[in-house]
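Participant:
Residue numbers (the working numbering): 1194 to 1281.
(1) DSSP three-state label for residue 1265, please.
(2) Label residue 1252 either buried or exposed according to how many other C-beta atoms from any shown protein chain fall within 10 Å of its C-beta, with 16 as the threshold for buried.
(3) Is residue 1250 helix, strand or coil when you go by DSSP?
(4) For residue 1228 and residue 1258, I'd like the C-alpha separation in whole angstroms.
(5) Which word fits residue 1269, buried or exposed, when buried means at least 16 other C-beta atoms lie within 10 angstroms of its C-beta?
(6) What is the C-beta distance between residue 1271 and residue 1235, in whole angstroms, given that I count them as a contact (C-beta under 8 Å)?
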């Protein structure tokens, strides 16, 4: 599933563009190729959408593949106050 880049309000009224590839909720990740940044997002230490570590709140689920038969493992992720809670 692909999404277009979204403008989200940031501090001081500045807009920032979030590329679709950075949101860990947008696709099922390969657990053997998860980067350190993606790992922090999966474990709720950073925003699943933009990577911020401030004002985190529940933000849905991200998934990693599990097994050879198409299984998925869900991770409860968090979002920062600047990122919208809907959509991946």
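Glycine residues also receive a C-beta, built at the ideal position from the N, C-alpha and C atoms.
Facilitator: Result, derived from the coordinates:
(1) strand
(2) buried
(3) strand
(4) 15 Å
(5) exposed
(6) Incorrect: roughly 10 Å between the Cβ atoms, too far for contact.
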